[in-house]
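Below is one structure, written out as structure tokens, with a few remarks after it.
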Amino acid sequence: MRLKPGEQPTRRLAHLWNEAACIGCAACVISCTATNNPEMLYRADEGRGGVASNIRRYEGVTAQGRPTLLLNQCAHCDEAPCMKTCPFGAVYRDENGLVRLDSRRCAGCRYCVTSCPYNARWVHPDTGLPMKCMGRGCLALVAAGQKPACVQACPANARDFGDLNDPESSVSRTLRTKRHRTLLPNSGAKPKYFIVEEV
Amino acid sequence: MAKLDHAALGRRAALGGLTAAGAAAVLLAEGWADAAQLFTTGIPDRDTLNRAGFDLRHTSCLSCSALCGLTALVRLNPRPGERPFVLFGNQDPNHPQRGMCGRGATAAQTWDSPLRLRKPLKRIGPRGSGRFEEISWEQAFDEIAERMRALIAAHGIRALCFTGHIVIDMDEGQWLPLGLGAPNVIAHHSTCNTPGTVARRWVLGAPYAGPPTVDPDFEHARFILFPGRTLHAPIGHQFLLAKAKAKGAKVAFLNPAHPEAAFANGEWIPCRPGTDAAFLLGVAHVLVRDRLYDETFLRRHTNLPFLLKPDGKPLTEADLEEGGEATTFMVFDAKGAALTDHKDRAAEPALAHESEVELKDGTRVRVETAWNRLLRHLADYTPERAAAISDTRPEVIERIARTLAELRGVVDDTWYSARNGNDADAVLAVLLVNGLLGNFDRPGGLCFRTVPGLPPAISRAPDGTVRTILGGELKLPPPGRRLDQEMFPETNATFEAVVKSVVDGDAAYAIRGLFLIDATLFARDPNTRRIQEMLAKLDLVVVTDILHQEVCDWADYVLPSDWIIERSSLHTMIWSLAPAVARGTAVTDPPPGAEVRPLSWISFQILRRLYPDRAAALGWQPEFEDVNTFKRAFLAAIEERQIAALAQRWRLDPAWLREELLRKGYHRFGPITYGTVPYERAPPTPSGKVELYAFHPVLRGLRETGFPRHVEPDAYTLPSRADEFVLVSGKSPAGSSAVAGLAFSSQFLADNAVWMNPEDARRLGIRDGETVELSGLDTGWQARTRIRVTARVHRGVLFAYSYVGGHRQKLLSRLEGFDRLARGVNSHWFATARIDRTTGAAANNASVRVRKLA
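Listed in order, the protein sequences are those of chains A and B. If you're matching positions, the first sequence starts at 5 in our numbering and goes up one per residue. If you're matching positions, the second sequence starts at 342 in our numbering and goes up one per residue.
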């Protein structure tokens, strides 16, 4: 359900990825496709040159030479640039605090793709729609009280999902007790994709 | 070019409403959510779930051979074009081997992959051409049986070889070779676990030789060092390790390439390939030098107090007196200050002792304990020297040793470890360090698996008699010794023996016909040119598989078998230290148009054509021509009998056990047991102790010393120029397996470039993404590949994931979107197939020269 201007979401659902627990197996990446875009199981996201998944995998190296891994996705920002730049009001926030797309309003201009500081969106080759977390499959799962596919797929307990407004949710407890960060914290977007730095 | 069946949809169509593809996604998702809602309350009532049009079915993952636990949500009446199932890791946190990695996650792609074998194929072009025609099952069986009959008549049953990976070790892979009385069932082990299996057999005894029989207690570990192993399989162990890490456990990986698992707060210790033994001997040096070892454990439970003669062989009673036992070993009793035999329970064997003894022939020799000899042996492996050999740092060796001792850590004993041909010494060194720590069969230590006792469906007794669990009995003569064990007596399987027999004629007899059961020969065995030569020379090549692997192109017949998610399965949970079995329910039917069959049915169809009496003796009945009747009446009866046997053994109600297996997908019959081996039950070694000094190879004249040592790999020419490298292969958790390696997503998630360290790249002037030419120093094989410049590989080393690059089956060029599977290299193109004579182990690694292309 689309929130009206000034209305606050009842829940603030957020993803959490523990980089200190992630074994980089990509089960989440593939499960995301299988759950949300099964029609893309044998097709690449040519725009980004990879699997048509809402989760992207990056590798890097620290200044000390230590290899690092980053899994990135839509952060369902509290001040989402994609919402502000969409000329047609197609990008909106729902009652759970998730940033959603109303495909009926989307004209395919891709302003949202460009404005995302996290490069989280990809364009569906058939529909031209800008895709991102959460896809339809996971939205349905969440509506049924389940965790999204990436959380259920993870073999190392490196992913979680829950309500930041609920102090007893597992994500709230983790964020209270463990060192964590968000990406580009000064972007003004107020992202809700949290990277936990310790197990 | 064949087009995949995608809905061709435009943006305009989507604006007008849901697209067909989108609608399919929504239907699946909504249906899944409906069913998931039922699941939130706990284990769902299956009737309720079924009434809603869904089912929840547990199965096991065979995307690699680890058989981790999966759960599928199944739509009972899928609409046309709708995906009938969604797979996840089994969510039960108590599951001993739960989980799904990137390979398991490709199962949805594998099921109806364009590479899926759907009908029997007969070759119509030259071997290797990949040209086939589809034929009926009847024609395939008739023709294969006819050719086998001629081959057996001319050369005997021993001229047939059956090879495979995990499936050939399972019940379904046994029916045909056992029914035929074939001796040559030669699996993949030499390029996988042979070094570890041989080393464990020497140190711990035959029951603890296989890779799953001994493992770290991951859930309770405090510190684990992984030499060579990535722990990308079984992924179920990662879940246990995550529990340990949450309690503070640390992990370190000794590896030339940075494994993905090291991203998870793990320490990566980059090293030179083939030097694990040196590093570990450096660790042992520190443990001994700083007295960080468990002296009580060493004195009571290892053979380090045993006396050795100058030739390295143990001093026995037979050396000292006429009629003495050669299996009675001598120790020095510190309490009685005299020699005594090792079975003397009143004695206190001294760890340090050296003296002169008179042998029965009157000669006098100096004897010393194995411990004394170990001190001298380890003196050669100072941290400085070990670090120089392994290209690590002495302070790292010192720190790892102290961490192991202080945290009572454990060194993983490896699974697949055949990389350099000298890996048995590395596993001996692993066991030596664990022995010094005394951390055997204790929480967080190196523990011994308790098996649940699942009886096999079919088995062969030493006298050749084949029996089935349903009472079938077939009297056949003993099959005789396997060809590979004639050449390499210590091996558990060395397929190169088959290659030698065909290509070189260098064997007691030649293999003429080859059955490949889920065996991706080109991704599995070294020296591709030799493999091709062998396949070209054989009289008959038959492949059964689920996907069109490269080796299919070389087969006379390709038979499509069903996949584990399409059939019931009952198997030991092989990687669980606690006794447990897993039962899988068929998640789905085969994809539309796939005439796939169970391997056991395929086996019977061939056997009944060759030997109707044997097939009947093993339980075949005419009505089993109908494959569904075969499944219902035969395979189901086997499972029923196996469950009954398990119930009897563990004193459970069979009906309850069956329901439990259906409900949870597994049953654990008891907890992990600690404190048994070697404390209450002696290891079945020659001495009845943990033989940190391996007697068996010394007594057999296979080795001069029973201790591990560092020897440079001789399986490949060592690099000597600036542009020469060791090419190391390893596993990606996102794609490295025979099945997942052919998944669409593996083209993107399991990098098929060759990795090069930035230092080397700078030196050679090679930039990231550039294409270079690799030439095998030993095989001369040349290939072009993209280079990825990354700090994830050690200097002087190139790295390529196994199974994910260099696929050459002709079908790939006819499929849209799968062309990237052909990119990259297969390290076996460059590997030599030189076999370690002592163990029978092959090497996957090779050495290559890099040429920058203009």
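Think of the CB as a built atom: it goes at the ideal place given N, C-alpha and C, for glycine as much as any other residue.
Residue range 535-545 is occupied by the alpha helix (DSSP H) that includes Thr538 (chain B).
Taking a 10 Å sphere around the C-beta of Gln432 (chain B), we find fewer than 16 other C-beta atoms and assign the residue as exposed. The shortest C-alpha to C-alpha distance from Ala602 (chain B) to any of B:Gly469, B:Leu911, B:Phe580 is the one to B:Phe580. Within a 10 Å sphere around the beta-carbon of Phe1066 (chain B) sit 16 or more other beta-carbons, which makes this residue buried.
In chain order, Pro159 make up the part of chain A whose C-beta sits under 7 Å from the C-beta of Gly440 (chain B). DSSP, read as helix, strand or coil, puts Asp685 (chain B) in coil. For Trp712 (chain B), there is no enclosing beta strand (DSSP E); the residue is found in the alpha helix (DSSP H) stretching over 711-720. Three or more pairs of CB atoms, one per stretch, sit closer than 8 Å, so the stretch 455-475 of chain B contacts the stretch 889-904 of chain B. Annotation note: the stretch 1016-1101 of chain B contains the following uninterrupted beta strand (DSSP E) runs of length 3 or greater, listed N- to C-terminal: 1065-1071, 1095-1097. Within the model, the alpha-carbon separation for Leu649 (chain B) versus Ala585 (chain B) is close to 41 Å.
Here Asp766 (chain B) is buried: its Cβ has 16 or more other Cβ atoms, across all protein chains shown, within 10 Å.
At least one C-beta of chain A is nearer than 8 Å to the C-beta of Ser1086 (chain B). Per DSSP, reduced to three states, the secondary structure at Asp766 (chain B) is helical.
Straight across, the Cα-Cα distance linking Leu656 (chain B) with Leu639 (chain B) is about 18 Å.
Annotation: the stretch 407-465 of chain B contains the following complete segments of the beta strand (DSSP E) (minimum length 3 residues), in chain order: 410-416, 426-430, 462-464. Where Trp516 (chain B) is concerned, the enclosing alpha helix (DSSP H) starts and stops at 516-521. Leaving aside the five residues that flank Gly141 (chain A) on each side, the residues in its chain whose CB is nearer than 7 Å to its CB run, in chain order, Thr39, Asn40, Ala153. Under the three-state reduction of DSSP output, Trp478 (chain B) falls in the helix class. Looking at the backbone, the Cα of Glu689 (chain B) and that of Cys533 (chain B) are separated by about 41 Å. The three-state secondary structure of Ile1128 (chain B), taken from DSSP, is strand. Within 10 angstroms of the beta-carbon of Ala923 (chain B) lie 16 or more other beta-carbons, which makes it buried.
Going by beta carbons, Phe604 (chain B) and Ile27 (chain A) fall inside the 8 Å limit.
Straight across, the Cα-Cα distance linking Asp682 (chain B) with Phe789 (chain B) is about 28 Å.
Asn418 (chain B) is classed as exposed because its beta carbon has fewer than 16 other beta carbons within 10 Å across all chains shown. CA-to-CA, the gap between Thr744 (chain B) and Arg992 (chain B) works out to about 43 Å. Lys1005 (chain B) places its beta carbon less than 8 Å from that of His399 (chain B). In this chain, the alpha helix (DSSP H) harbouring Trp997 (chain B) covers 995-1005. Here Asp483 (chain B) carries a helix assignment [DSSP, helix/strand/coil]. In this structure, Phe863 (chain B) and His1169 (chain B) form a Cβ contact; the two beta carbons are roughly 7 Å apart against a cut-off of 8 Å.
Its chain contains Gly522, Ala523, Pro524, Gly805 as the residues whose beta carbon lies nearer than 7 Å to that of Pro820 (chain B), once the 5 sequence neighbours on both sides are disregarded; these appear in chain order. For Asn40 (chain A), no beta strand (DSSP E) encloses it; the enclosing alpha helix (DSSP H) starts and ends at 31-40.
Around the CB of Lys151 (chain A), 16 or more other CB atoms lie within 10 Å, so the residue is classed as buried. Boundaries of the alpha helix (DSSP H) around Leu622 (chain B): 617-630. According to the DSSP secondary-structure assignment, Ser1188 (chain B) is paired through a beta bridge with B:Val1067.
Judged by pairs of C-beta atoms under 8 Å, the stretch 653-669 of chain B does not touch the stretch 625-637 of chain B, as fewer than three such pairs exist.
Residues of chain B whose Cβ lies closer than 9 Å to the Cβ of Ser174 (chain A) do not exist, since the nearest Cβ in that chain is about 13 Å away.
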